[in-house]
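**Student:**
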Amino acid sequence: MLDRSVDPVIRVQGLCNRFGSQLVHDDLNMEVRQNEIFGVVGGSGTGKSVLLRSILGLRDPDGGTVELYGRDVKSLASADRSSLVQSYGVTFQNGALISSLTVAQNIQLPLLEHYSLSENTLDELAQLNLALVGLEPEAGAKFPSQLSGGMIKRAALARALALEPKLLFLDEPTAGLDPISAAAFDELMLYLHSQLRLTIVMITHDLDSLFRTCSRVGVIVDKHMISDTLDGLLENPHPWIHSYFHGPRARAAEKEIHG
Amino acid sequence: MTASLALEPEGSGWRLQLRGDWSLAAIAQIEAQLKGLPATLHGSMLCDWSQAEAPGIGPAWVLLRQLADIDPQPPVLLHTGGPPDFLQLLQKLQPVRRAPDRMHAPPRTLRGLIGKLGRWSVLQGRHARGVLDFLGRIASVIGQAFSRPRGWRVSSLARHVYETGITAIPIVSLIAFLISVIVAYLGAQQLARFGADIFVVDLVTIAVLREMGVLLTAIILAGRSGSAFAAEIGVMQLNEETDALRAMGMNPIEMLVVPRVLALIIVLPLLTVIADAMGLAGGGLLSLINLHIPLPQFTTRLRESLGPTTFWAGLIKAPVFAALIGIVGTYRGMQVRDSARELGRLTTVAVVQSIFMVILADALFAVLFVQIGF
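Taken in order, these protein sequences are the chains called A and B. Add 3 to the 1-based position in the first sequence for the working numbering, that's all there is to it. Add 30 to the 1-based position in the second sequence for the working numbering, that's all there is to it.
Here's what the structure looks like:
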């Protein structure tokens, strides 16, 4: 099933995560290949965000290994880790923009940290990233509290793109957006994916978004992950997966995509 | 290989040869190289990407912006040598170019100064109105609570009495004890020179009961609880929790502010009594060890030095200090808007201002007590 000729960007093997006596992940395996949009779905409390935090190294898993670009995240020296961090971008569920900085300053923050640049170039790069995510240049001068929900998601994406990563992690990128903004965000993702050749890992509950953008989807059920193409998952007999992809909302989303 | 840039004449125009590392990692060098480009050029322009390694989108953007600034615009601008795919995307985004609006500081003239003063006055006026409004709301909630017992929020009140009062007993006791020992020790050094050792008792009694017991307790609570009030309510503001309360028909002043202020008003006098006792104990202990004044003699002397109002002159200030600390802390918390930095700033303001208010009030009390012979 897996194409062995291309090394996966992300390889998670035998991941275990527990909180107290509650086991969230047990021997979870996951592979994300070069240049795909990989969706992660699962019921509430199945540990989607925990999985993301484990991959990013924000949480030490209780077992298993996480490899990014073939390198074990845990065993990296701090210098290598810093270069690894620069190779991916992340957006968090609520944007996590620094509230005391303007949007432009938020975008410039990682650039300032890693490069010494003139103010002019910093402004140029901030404008580039704003333009990439479809925000007006004026939005750069605003503070996060002055933005609408959709703009916050875009601004967070602009910050995630600032270091020109090849890998993007998006946590619920379309949650809380109206259908039009959410659809626009899907298009933006597809656009950036094709133009910048990004690999995208996306946690989402948005079925429209899932059908529109994802080439493969990983479902977390029974503490494991089942990864397949959407068509494969539609045929999957597992009861949770079946009801997820054949519920009333899923059918509507599916109909829209496949006509 | 480091990034470089060569401008060579070719035919009737120019060829811009890009070489070396053109990824974002080399952006600082690329920036320096681009500065070398002349601002005025005539003729067409050909950008050759064939020798640029791993071109990044940021550097490409900066280059395009620079080329767009060339005066007059080259009639033909072409990219060859396998330009990166995203170049088309960038060219599409180009038209949004606009000079960044920089904030200009108003000139330092007399008019500017008067304007500044005016803005400051208006701000202060608004601020004073805000405080007045806040006090009014508290008063109205307390007034309503007399006819509506649920308005007292007893369980919330109890929690705050515990958190601001009971858990503060150890630190208040320790500090009152230590300060009083220090005062007695230094006082004894001076008084011993006149052979007036016994007056150490008077010194400790009056200093602790009239001033230090209540003042120290108030300052500890301002640092301990005033900051907690501001931070707790401030985070609730940031999370829109106070708006949620309002939307559910609950009054945040009644739910959050009044229980905290009342708890402090209840707790501070009680803590002051404890601080007084610990202070006297400290004085007594030092007198015993350092001056060899036995305990019965200490207590006799203590009673003699005690005026009818000495104890009350200290205690009567406690509820006033408590109200000041509680109101300043909660008011600053309710002011938090928008950002984490505001939260930090207003928490600092809450502590600094409540300590200042307490000391100012103490000074006024001192003058008042002298005037009325209390």
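Virtual Cβ for every residue (Gly too), placed ideally from N, Cα, C. What you are looking at is a predicted structure, and each value in this text was computed from that prediction instead of being measured.
Flag this pair as yes or no: are the beta carbons of residue 131/A and residue 120/B separated by less than 9 Å?
**Tutor:** By 1-based counting over the first sequence, the position of residue 131/A is 128. By 1-based counting over the second sequence, the position of residue 120/B is 90. Cβ atoms of residue 131/A and residue 120/B: closer than 9 Å.
**Student:** Could you give the distance in angstroms between the alpha-carbon of residue 262/B and the alpha-carbon of residue 363/B?
**Tutor:** For the purposes of this step, residue 262/B is identified with residue 232 of the second sequence, where counting begins at 1. For the purposes of this step, residue 363/B is identified with residue 333 of the second sequence, where counting begins at 1. Those two C-alpha atoms are separated by around 7 Å.
**Student:** Can you name the residues of chain A whose CB is closer than 8 Å to the CB of residue 91/B?
**Tutor:** Residue 91/B sits at position 61 when you count from the first residue of the second sequence. In chain order: 127, 128 and 131.
**Student:** What number of angstroms, rounded off, separates the C-alpha of residue 258/B from the C-alpha of residue 296/B?
**Tutor:** Along the second sequence, read from residue 1 onward, the residue named residue 258/B stands at position 228. Along the second sequence, read from residue 1 onward, the residue named residue 296/B stands at position 266. Taking the straight line from one Cα to the other gives about 17 Å.
**Student:** With a threshold of 9 Å between beta-carbons, can residue 369/B be considered close to chain A, or not?
**Tutor:** Numbered from its first residue, the second sequence carries residue 369/B at position 339. Yes, contact with chain A.
**Student:** If you pair each beta-carbon of the stretch 104-115 of chain A with each one of the stretch 187-201 of chain A, do three or more pairs fall below 8 Å?
**Tutor:** Contact fails: fewer than three Cβ-Cβ distances are below 8 Å.
**Student:** Quick one: is the Cβ of residue 12/A within less than 8 Å of any heavy atom of the ligand MN?
**Tutor:** This structure simply doesn't include the ligand MN, nor any ligand for that matter.
**Student:** Along the stretch 159-171 of chain A, what residues have a CB closer than 9 Å to any CB found in chain B?
**Tutor:** So the list reads 164, 165, 166 and 167, given in the order they occur along the chain.
**Student:** Less than 6 Å between C-beta atoms, sequence neighbours within five positions excluded: which residues of the same chain meet that for residue 184/A?
**Tutor:** The sequence position of residue 184/A within the first sequence is 181, counting from 1. Counting only Cβ-Cβ distances below 6 Å, and skipping sequence neighbours, we find 153.
**Student:** Quickly, what does DSSP pair residue 91/A with across the bridge? List them, please.
**Tutor:** As a first step, residue 91/A is located in the first sequence; it is residue number 88 there, counting from the start. Beta-bridge pairing links residue 91/A to 170/A.
**Student:** Between residue 87/B and chain A, is the shortest Cβ-Cβ distance under 9 Å, so that the two count as touching?
**Tutor:** Locating residue 87/B in the second sequence gives position 57, counting from the first residue. Chain A contact via Cβ: present.
**Student:** Would you say residue 54/B faces chain A, with C-beta separation under 9 Å as the test?
**Tutor:** Stepping through the second sequence from its first residue, residue 54/B is reached at position 24. With 9 Å as the cut-off, residue 54/B counts as an interface residue toward chain A.
**Student:** Sorted by chain position, which residues of the same chain lie with C-beta nearer than 6 Å to residue 167/B's C-beta, five sequence neighbours on each side aside?
**Tutor:** In the second sequence, counting from the first residue as 1, residue 167/B sits at position 137. Within the same chain, residue 167/B has close Cβ partners 283.
**Student:** Do the stretch 47-63 of chain B and the stretch 77-94 of chain B meet, that is, are 3 or more Cβ pairs less than 8 Å apart?
**Tutor:** Cβ pair count under 8 Å is three or more, so yes.
**Student:** Pick out whichever of 159/B, 254/B, 306/B and 105/B has its Cα sitting closest to the Cα of residue 43/B.
**Tutor:** For the purposes of this step, residue 43/B is taken as the residue at position 13 of the second sequence. Checking every option, the nearest Cα to that of residue 43/B belongs to 105/B.
**Student:** Taking 9 Å as the CB-CB limit, is residue 124/A close to chain B?
**Tutor:** Mapped onto the first sequence, residue 124/A falls at position 121. Output row for residue 124/A: interface = yes.
**Student:** Would you tell me roughly how many angstroms separate the C-alpha atoms of residue 265/B and residue 103/A, rounded to the nearest one?
**Tutor:** Position 235 of the second sequence holds residue 265/B. Position 100 of the first sequence holds residue 103/A. Spanning the two alpha carbons is a distance of roughly 15 Å.
**Student:** Could you compute how far the alpha carbon of residue 114/A sits from the alpha carbon of residue 180/A?
**Tutor:** For the purposes of this step, residue 114/A is taken as residue 111 along the first sequence, with counting starting at 1. For the purposes of this step, residue 180/A is taken as residue 177 along the first sequence, with counting starting at 1. Computed Cα separation, rounded: 28 Å.
**Student:** Closest by CA to residue 10/A, which one among 29/A, 39/A and 64/A?
**Tutor:** Along the first sequence, read from residue 1 onward, the residue named residue 10/A stands at position 7. Among 29/A, 39/A and 64/A, the Cα nearest to that of residue 10/A is on 39/A.
**Student:** Compile a chain-ordered list of the residues in the stretch 151-184 of chain B whose CB is closer than 8 Å to at least one CB of chain A.
**Tutor:** So the list is empty, because no residue satisfies the distance condition.
**Student:** Could you give the distance in angstroms between the alpha-carbon of residue 41/B and the alpha-carbon of residue 123/B?
**Tutor:** Here the question's residue 41/B lines up with position 11 in the second sequence. Here the question's residue 123/B lines up with position 93 in the second sequence. Going from the Cα of residue 41/B to the Cα of residue 123/B covers about 30 Å.
**Student:** Quick check: what's the CA-CA separation for residue 275/B versus residue 360/B?
**Tutor:** Along the second sequence, read from residue 1 onward, the residue named residue 275/B stands at position 245. Along the second sequence, read from residue 1 onward, the residue named residue 360/B stands at position 330. So the alpha carbons of these two residues sit roughly 16 Å apart.
**Student:** Which word fits residue 119/A, buried or exposed, when buried means at least 16 other C-beta atoms lie within 10 angstroms of its C-beta?
**Tutor:** Within the first sequence, numbered from 1, the residue matching residue 119/A stands at position 116. Burial call: exposed.
**Student:** Which of the residues in the stretch 193-227 of chain A, read from start to end, lie with their CB under 7 Å from any CB of chain B?
**Tutor:** Result list: 198 and 199.
**Student:** Going by DSSP in three states, residue 50/B sits in which element: helix, strand or coil?
**Tutor:** As a position in the second sequence, residue 50/B is number 20, starting the count at 1. Residue 50/B falls in the strand class under three-state DSSP.
**Student:** Can you list, in chain order, the residues of the stretch 58-76 of chain B whose Cβ is nearer than 8 Å to any Cβ on chain C?
**Tutor:** In the structure shown, chain C cannot be found, because the protein chains are A and B.
**Student:** Under a CB-based cut-off of 9 Å, is residue 259/B close to chain A?
**Tutor:** Here residue 259/B refers to the residue found at position 229 when the second sequence is read from its first residue. So, not an interface residue.
**Student:** Using C-beta distances below 8 Å, list every residue in its chain close to residue 53/A, excluding the 5 sequence neighbours before and after it, in chain order.
**Tutor:** Stepping through the first sequence from its first residue, residue 53/A is reached at position 50. Only 20, 27, 28 and 62 meet the Cβ criterion.
**Student:** Report the neighbours of residue 148/A on chain B: residues whose CB is nearer than 8 Å to its CB, in chain order.
**Tutor:** Working through the first sequence from its first residue, we reach residue 148/A at position 145. The answer, in chain order, is 367, 368 and 369.
**Student:** Do you know how far the Cα of residue 150/A is from the Cα of residue 204/B?
**Tutor:** Numbered from 1 along the second sequence, position 174 holds the residue referred to as residue 204/B. Numbered from 1 along the first sequence, position 147 holds the residue referred to as residue 150/A. Straight-line Cα distance between these residues: approximately 50 Å.
**Student:** What does the alpha-carbon distance come out to for the pair residue 246/A and residue 23/A?
**Tutor:** Residue numbering aside, residue 246/A sits at position 243 when the first sequence is read from its first letter. Residue numbering aside, residue 23/A sits at position 20 when the first sequence is read from its first letter. Computed Cα separation, rounded: 30 Å.
**Student:** Just checking: is the beta-carbon of residue 134/A within a distance shorter than 9 Å of some beta-carbon in chain B?
**Tutor:** Counting from one through the first sequence, the residue named residue 134/A turns up at place 131. Chain B contact via Cβ: present.
**Student:** I need the DSSP call for residue 106/B, collapsed to helix, strand or coil.
**Tutor:** The residue you call residue 106/B lines up with position 76 of the second sequence. Reduced to three states, the DSSP call for residue 106/B is coil.
**Student:** What does the alpha-carbon distance come out to for the pair residue 376/B and residue 293/B?
**Tutor:** As a first step, residue 376/B must be located in the second sequence, where it is residue number 346. As a first step, residue 293/B must be located in the second sequence, where it is residue number 263. Cα to Cα, the separation comes out at about 21 Å.
**Student:** Considering only residues of the stretch 139-190 of chain A, which uninterrupted alpha helix (DSSP H) runs meet the minimum length of 4 residues and lie entirely inside it, listed in chain order?
**Tutor:** Counting whole runs of 4 or more residues, the stretch 139-190 of chain A contains the alpha helix (DSSP H) stretches 152-164.
**Student:** Opposite residue 229/A in the DSSP bridges: which residues?
**Tutor:** Numbered from 1 along the first sequence, position 226 holds the residue referred to as residue 229/A. In the DSSP output, where bridge partners are listed per residue, residue 229/A has 222/A.
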